[in-house]
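Protein chains in written order, with full-length UniProt numbering: chain B, 1 to 308; chain Y, 1 to 308; chain C, 1 to 480; chain D, 1 to 480. From the three backbone atoms N, C-alpha and C, an ideal C-beta is built for every residue, glycine too. Since the structure is predicted, the reported quantities are computational estimates derived from the model, not experimental observations. Below is one structure, written out as structure tokens; the observations come after it.
Okay, here's the thing in structure tokens:
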């Protein structure tokens, strides 16, 4: 397994995803002799995992079963240990496309945070690109390096523990794209500009608050960035349900057999038309919106480094 | 006809709504001998309108027909002459409820603008409430007075032509609610406070820009307003359509009769299950979202005048 | 001008009032009574001390469960003096708070006020001073919420009650979000003087909202399924008795016979025993617990006792049960009274039937757990031409069906299927953004206007212009 | 590290390139050629002068249709000096502009630049000085847009082309909004080295986006209805020829026989004549004009001539017709070549069938005008276990059906039906707000993950936990 390459079977050292049921899963590091507790019982790595195909159903000791999934950046985002607020795949999707990332892209990122976006970037720019990611919190930077090695993408990423606002990204005129998720992005725009290639590139800043966006847009304009564009994306997930609505009792049986004209000469046949609905229930399938949903993650501001 | 009272039949002097078709309508002032051109031909007021019931189908001179509707504040909002940007019924609904308007409420409004909200307020506070509306543009104030008289609600409203930020609403400790739709609402918060009843009341400020909201919230806090709450409401209208999607030709007829097991021993019966769908089209009714919709009107900031 | 129907001094909390308790964004409707314990947000207290104060007053719950009016000025005390620049040096080891749970409990037991406890927590936090100013604010807010027991008593209103129900018991109101209710009232042109038909199974919330907007002027005919209308939420509004004089109700099960002209009083359920017998009928909602069923109100007064059988609702709505009502319906129980009530009820029922038979209602509002199509097709018969109607449904599909059937039948124009999308904002200096969670579902509405349907049964009742393509017609609004 | 597949100097506009013209938010894809007139936003011009400049350069269209690189510094000239406090004194009588249409035309004919014309309009407006500063800005912006003919030439990309198509020809891409496409690429885990199956009728836009993300590494099998795949949008990306070496296509009409094991080459349509014969088949989309059909690419090179028969598309996509392609496929027309091509095509078809038969694809992407259920149920057979799939549909109902059928059949987990909601903002000092118009419909997605389906035909393949109740599980995110 690797985060940039599918493998057929589970191997020692792999990070696999144990899928218990709808939106219930967790990652596991596969190790000879390792054991993992689930609510359905124990999974023994040597016998239950190693050598099995990804996508297999594994029966746990108590008889319940789980699926073992190949990791992807998207599954990782749902399962990674949170060291910070993280970016989710809905925002990540838009960031990746709007920064025009593709194999071979050189990208700068700050902060690394919990590595949610980093994994998605590395996936997209592999095998020939490179990610330079800067994290000012030392513990987090170290943990990120560790994870990238475990996930076999270490060769595609350079992690630096420094303050991007003071020290920048450590590269000059090399990057195709820069991503900022820091409290004061406006202080890093100059560094972002010098990290980007001479002929130009794209930048994205993610900020939860509109005041950060306002300052960042001003800084982008001052530094000569063009096509400044702020947007926001929200995911609305629908639950597929079978809905059954009772039909009201309007008294069809009781007195509707001998029907006369009603008082004011207006038509009364609609009683008959509604009679087309049987007493009982009306059933249908529906994709129903959730009662609660994520209403805001952050604003995404994109801009292009222009030539002049 | 009156904007606060339904009448059965159309009378001289009424403002009626001529409904041509989906979202196509216009208001008409009914006058003996009056004529109105429509794309379906002429409507002669004396013979086609006066004395007819509201809701009647009226055949125009070219043979096409229209419906004549009783005016409501909501129909007026869709048909009024625009002298300014106006508030639409989606925002108006929320404003009315969140300001807790009801019969008997005393309300202050600025600016009057094109009177879209004013009509809705008057409808809700009639017959015992009163609207004090302030408009700094003289022409608009005069036109509003005229319209209120025509719509027979003049006794429920006082229009003042002055600058609310300088001169306030002209009443003290009388209002249950204040509504502001002006460029600098924060400059009118003090006046709003003194217009509201001593024991308290509600305020709403409508602003298109977030910077206006920020200043207004600060001003509200400084003036001791509580429960400051900013929200936004958008309407998503669905078009009901019959959709027909073609079913793909996967080659059922050509070679599917003599089917063997497929290569890797994995099940191939799903071919059969999809065969349950007939060649041709799948039809269904759907409420489809519009390609374009109003994405922003303004932010609504509500607050309560508290006791201390 | 006529006098307002409100009592003389509406601002003062009085015994017998219906009031709403508020803590942050959480509400609870209560009847104001002396010497009665109330549980709200895990706090026990009595309302005795609140009586005589003005609505809108904020109280602190002291030890012993009494309420003390809180002075606004005390507030700003908890100030932060020092803040870190960022959080790079903060390592979360779970040991940053020196006060133990026992310490805190001891403070509470001593009767120390919540505000003081928060201050002590700050002083005993080893990391507080290193936190950024923003993180400090967040910390204080969180602790305040936990340790300060502060409630505000407000007057009930549609705004308050619809927010309360949507937040706490959405299943009881078919997940009708408050902004959707706001749309219904506006698009239904609900106002003083109207004759409205209402069919709702939203615990009486929609009825209450309509009554509030009509202010006692005009008339309302409430259609009800089963043994009687449910008005638990209606009672929370605390309307004056006069509001109920022109409120009628009519059983859904008699609609067809009324429309066909075979309606007769003899077949009507007048015995109150029937109410319990049909209670099961009301439990047809899909993914919801059974709704509460109460006695049909036997008098058109405010005797709207909410016999609530669910502990969940009990926790939130401390509505008095029988005998506690604040209006003049204390006398009851004698057979003479019972008989008199039945007579009155019968009289009112005839009046309701007569009102419907005139077929000149000024509007129809439907918001129920039933499939709306049969309701709409029948009840629209009672509405005058050129009047609005509004149908709410939690799901979109039934309203698509209503749309299709109404277009086939004719007699309505300007049909519009819609949904609103509501977003709340946090507006704070340098930290403004939409709230991180939002409601994903407020329900769907179908609105329209009745017209005279000249061409029933013939095919030419369709509109000349195709109604389907919408949008794009509204011009792009100018930017301000 | 391997070398990047991009050419050496990607920054320079060269003859034969595919480029995109941009004016404000409007795009147009063109092939860069000399001495060819292009119409864009009502302006005629040639691209000759752009060749040799760097992508991203902004040009002004001068009289005579030549392009002149625009110097950024000229910009800020149009400044406002005086502004009114509010608009109370402005009476709109339509007489505020002293320049007549004829005056303006005369200026243009004299070759006066747009910027100068705007300046003159301001000087001749009687009300400009009384307008508020904001209104002045609005005025200038409006006039600039009208009179300044400025275009930027940018390199094509998924971002640019998907925005362009959604803005101008959404019908051709089944109203797939660009952010929805972004979701598809991410949820499909599209990346270098994958073996992807694609079934799209989005003019080749989705295919192009996938090719861009795979960067020439791995393989793609495009399933197509009718006589051949449509790749008008794919050609606009200007991919190097190497990208097409591992792009395969396979006719949908042979999927069943491939699955049943009866697939044989003999029944395949190899004659290019068939392409036109089956063209009508492709025109089944609902509320859309017929999509363009082009020749199936007979060589796996970039010979993707867009034979576009619709004037509408012609206006926007100035793709070269046959013979103009920039790759080395100039030689054609001889019977020897034709034969050779047929052989190659046949070879590639066998390879495609073999790739599918391995049933180990790394993902499936569906975005078509067809009902997705039969496509999904069949094509998922070719996907390995533990791989993502993504299905796009313009409507929600067909995806609800897919969801239901897949749950019945088993072999997939983590099904999610979703829609994204995209909002653009205006961020300007003191005038920040969401854009006044937004897209109401970006389409719907169903995503999921394949697993080994052990229990086919038996009933116990359903998951242990009920998948239906969702939400609420994601914890409320902390506020920053």
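#1: Quick test of the definition: if touching needs 3 or more C-beta pairs under 8 Å, does the stretch 177-192 of chain C touch the stretch 377-393 of chain C?
#2: Could you give the DSSP three-state label for residue 189 of chain C: helix, strand or coil?
#3: Check for me: the beta strand (DSSP E) holding residue 224 of chain D runs from which residue to which?
#4: For chain D, check one thing: does any of its Cβ atoms lie closer than 9 Å to the Cβ of residue 276 of chain B?
#5: Thinking C-alpha only, which one of C:334, C:220, C:124 is nearest residue 362 of chain C?
#6: Thinking residue 90 of chain B and residue 202 of chain B are a contact (beta carbons under 8 Å), I'd like their distance in whole angstroms, please.
#7: What first and last residue would you give for the alpha helix (DSSP H) that runs through residue 236 of chain D?
#8: Against residue 303 of chain B, what residues of chain C qualify as contacts under a CB-to-CB distance less than 8 Å, listed in chain order?
#9: DSSP state of residue 358 of chain D, grouped into three classes?
#10: Using three-state DSSP, classify residue 261 of chain D as helix, strand or coil.
#11: Which value, in whole angstroms, describes the spacing of the CA atoms of residue 54 of chain B and residue 199 of chain D?
#12: Excluding sequence positions up to five away, which residues of its chain have a Cβ less than 6 Å from the Cβ of residue 126 of chain D?
#13: Can you name the residues of chain Y whose CB is closer than 7 Å to the CB of residue 418 of chain C?
#14: Measure from the alpha carbon of residue 71 of chain Y to the alpha carbon of each residue in Y:221, Y:4, Y:52, then state which is nearest.
#15: Going along chain D, which residues have a C-beta under 7 Å from residue 208 of chain Y?
#16: What does the Cβ neighbour count give for residue 92 of chain B, buried or exposed, with the cut at 16 atoms within 10 Å?
#17: What residues match up with residue 25 of chain B in a beta bridge as DSSP calls it?
#18: Pull the bridge partners of residue 236 of chain B from the DSSP assignment, please.
#19: Tell me the rounded alpha-carbon separation between residue 288 of chain D and residue 243 of chain Y.
#20: Which one or two residues does DSSP pair with residue 44 of chain C in a beta bridge?
#21: Please identify the residue among B:298, B:293, B:127, B:306 whose C-alpha is closest to the C-alpha of residue 192 of chain B.
#22: Once DSSP output is grouped into helix, strand and coil, what is the label at residue 349 of chain C?
#23: Please classify residue 346 of chain C: is it buried, with 16 or more other beta-carbons within 10 angstroms of its beta-carbon, or exposed?
#24: By Cβ distance below 7 Å, which residues in the same chain neighbour residue 2 of chain D in space, the five residues on each side in sequence not counted?
#25: Does the separation of the CB atoms of residue 34 of chain Y and residue 46 of chain Y fall below 9 Å?
#26: Looking at chain B, which residues of the stretch 368-388 of chain C have a Cβ within less than 8 Å of any of its Cβ atoms?
#27: Is DSSP giving residue 14 of chain C helix, strand or coil here?
#28: Which runs of the alpha helix (DSSP H) spanning at least 4 residues fall entirely within the stretch 39-110 of chain B, listed in chain order?
#29: Looking at chain Y, which residues of the stretch 47-65 of chain C have a Cβ within less than 7 Å of any of its Cβ atoms?
#30: Kindly indicate which residue of Y:105, Y:126, Y:133, Y:20 has the alpha-carbon position closest to the one of residue 118 of chain Y.
#31: Shorter than 9 Å from the beta carbon of residue 452 of chain D to some beta carbon of chain B?
#32: What does residue 25 of chain C reach in chain B if we use C-beta pairs closer than 8 Å?
#33: Apart from the five residues on each side of it in sequence, which residues of its chain come closer than 6 Å, Cβ to Cβ, to residue 113 of chain B?
#34: With a threshold of 16 other CB atoms inside 10 Å of the CB of residue 481 of chain D, please say whether the residue is buried or exposed.
#35: Going along the chain, which residues of its own chain have a beta-carbon closer than 6 Å to the beta-carbon of residue 166 of chain C, five neighbours each way excluded?
#36: Check whether the Cβ atoms of residue 197 of chain D and residue 364 of chain D sit closer than 9 Å, and answer yes or no.
Concretely, from the data shown:
#1: The count of Cβ pairs closer than 8 Å, one atom from the stretch 177-192 of chain C and one from the stretch 377-393 of chain C, reaches three, so the stretches are in contact.
#2: For the purposes of this step, residue 189 of chain C is taken as the residue at position 189 of the third chain. Residue state, collapsed to three classes: coil.
#3: Within the fourth chain, the letter at position 224 stands for residue 224 of chain D. Counting along the chain, the beta strand (DSSP E) containing residue 224 of chain D begins and ends at 219-224.
#4: Residue 276 of chain B sits at position 276 when you count from the first residue of the first chain. For residue 276 of chain B, the predicted model reports a pLDDT of 36, less than 50, meaning its position is unreliable and no value from the coordinates is stated.
#5: The residue given as residue 362 of chain C occupies position 362 in the third chain. The shortest Cα separation from residue 362 of chain C among C:334, C:220, C:124 belongs to C:220.
#6: The sequence position of residue 90 of chain B within the first chain is 90, counting from 1. The sequence position of residue 202 of chain B within the first chain is 202, counting from 1. Taking 8 Å as the upper bound for CB-CB distance, residue 90 of chain B and residue 202 of chain B are not in contact here, some 19 Å apart.
#7: In the fourth chain, the residue the question calls residue 236 of chain D occupies position 236. 232-236 is the span of the alpha helix (DSSP H), which, as asked, contains residue 236 of chain D.
#8: Within the first chain, numbered from 1, the residue matching residue 303 of chain B stands at position 303. Here the premise fails: no neighbours, minimum Cβ distance about 20 Å.
#9: The residue given as residue 358 of chain D occupies position 358 in the fourth chain. Look at residue 358 of chain D here: in three-state DSSP terms it is coil, with no helix or strand label.
#10: In the fourth chain, residue 261 of chain D corresponds to position 261, counting from 1. Of the three classes helix, strand and coil, the one that applies to residue 261 of chain D here is coil, per DSSP.
#11: Working through the first chain from its first residue, we reach residue 54 of chain B at position 54. Working through the fourth chain from its first residue, we reach residue 199 of chain D at position 199. Distance between the alpha carbons of residue 54 of chain B and residue 199 of chain D: 25 Å.
#12: What you label residue 126 of chain D is simply residue 126 of the fourth chain in a count that begins at 1. Closer than 6 Å at the Cβ level, and outside the excluded window around residue 126 of chain D, lie 96.
#13: Against the third chain, residue 418 of chain C aligns to sequence position 418. Going along chain Y in sequence order, the residues near residue 418 of chain C (Cβ under 7 Å) are 235, 236, 237, 238.
#14: For this step, residue 71 of chain Y is matched to residue 71 along the second chain. The option with the nearest alpha carbon to residue 71 of chain Y is Y:4.
#15: Translated into the one-based positions of the second chain, residue 208 of chain Y becomes position 208. By Cβ distance, chain D contributes 433.
#16: Within the first chain, residue 92 of chain B is the residue found at index 92, counting from 1. By the neighbour-count criterion, in which a residue is buried when 16 or more other Cβ atoms sit within 10 angstroms of its Cβ, residue 92 of chain B is buried.
#17: Within the first chain, the letter at position 25 stands for residue 25 of chain B. Per DSSP, B:19.
#18: Here residue 236 of chain B refers to the residue found at position 236 when the first chain is read from its first residue. Paired residues: D:419.
#19: Numbered from its first residue, the fourth chain carries residue 288 of chain D at position 288. Numbered from its first residue, the second chain carries residue 243 of chain Y at position 243. Low per-residue confidence applies at residue 288 of chain D: pLDDT is 34, beneath 50, and the placement is therefore not dependable enough to give any value.
#20: For the purposes of this step, residue 44 of chain C is identified with residue 44 of the third chain, where counting begins at 1. Note: residue 44 of chain C sits in a beta bridge opposite C:39.
#21: Position 192 of the first chain, counted from the first residue, corresponds to residue 192 of chain B. For the set B:298, B:293, B:127, B:306, the Cα lying nearest the Cα of residue 192 of chain B is the one of B:306.
#22: Your numbering for residue 349 of chain C matches position 349 in the third chain. Helix, per DSSP.
#23: Taking the first residue of the third chain as position 1, residue 346 of chain C is located at position 346. It is exposed - the Cβ of residue 346 of chain C has fewer than 16 other Cβ atoms within 10 Å.
#24: Residue numbering aside, residue 2 of chain D sits at position 2 when the fourth chain is read from its first letter. Caution is warranted here: a pLDDT of 40 is assigned to residue 2 of chain D, below 50, making its placement in the model unreliable, and no coordinate value can be reported.
#25: For the purposes of this step, residue 34 of chain Y is taken as residue 34 along the second chain, with counting starting at 1. For the purposes of this step, residue 46 of chain Y is taken as residue 46 along the second chain, with counting starting at 1. Going by beta carbons, residue 34 of chain Y and residue 46 of chain Y fall inside the 9 Å limit.
#26: Result list: 368, 369, 370, 371, 373, 374, 375, 377, 378, 380, 381.
#27: For the purposes of this step, residue 14 of chain C is taken as residue 14 along the third chain, with counting starting at 1. Coil at residue 14 of chain C, not helix or strand.
#28: Taken in chain order, the whole alpha helix (DSSP H) runs of length 4 or more contained in the stretch 39-110 of chain B are 73-79, 89-98.
#29: If the cut-off is 7 Å between Cβ atoms, the stretch 47-65 of chain C has 54, 56, 57 near chain Y.
#30: As a first step, residue 118 of chain Y is located in the second chain; it is residue number 118 there, counting from the start. The shortest Cα separation from residue 118 of chain Y among Y:105, Y:126, Y:133, Y:20 belongs to Y:133.
#31: If you number the fourth chain from 1, residue 452 of chain D lands on position 452. Closer than 9 Å: yes.
#32: Within the third chain, residue 25 of chain C is the residue found at index 25, counting from 1. Chain B residues near residue 25 of chain C: none, gap ~14 Å exceeds 8 Å.
#33: Here residue 113 of chain B is taken as the residue at index 113 of the first chain, counted from 1. Counting only Cβ-Cβ distances below 6 Å, and skipping sequence neighbours, we find 84.
#34: Since the first and last residues shown for chain D are 1 and 480, residue 481 of chain D lies out of range.
#35: The residue you call residue 166 of chain C lines up with position 166 of the third chain. Result list for residue 166 of chain C: 177, 178, in chain order.
#36: Along the fourth chain, one-based indexing puts residue 197 of chain D at 197. Along the fourth chain, one-based indexing puts residue 364 of chain D at 364. Contact: yes.
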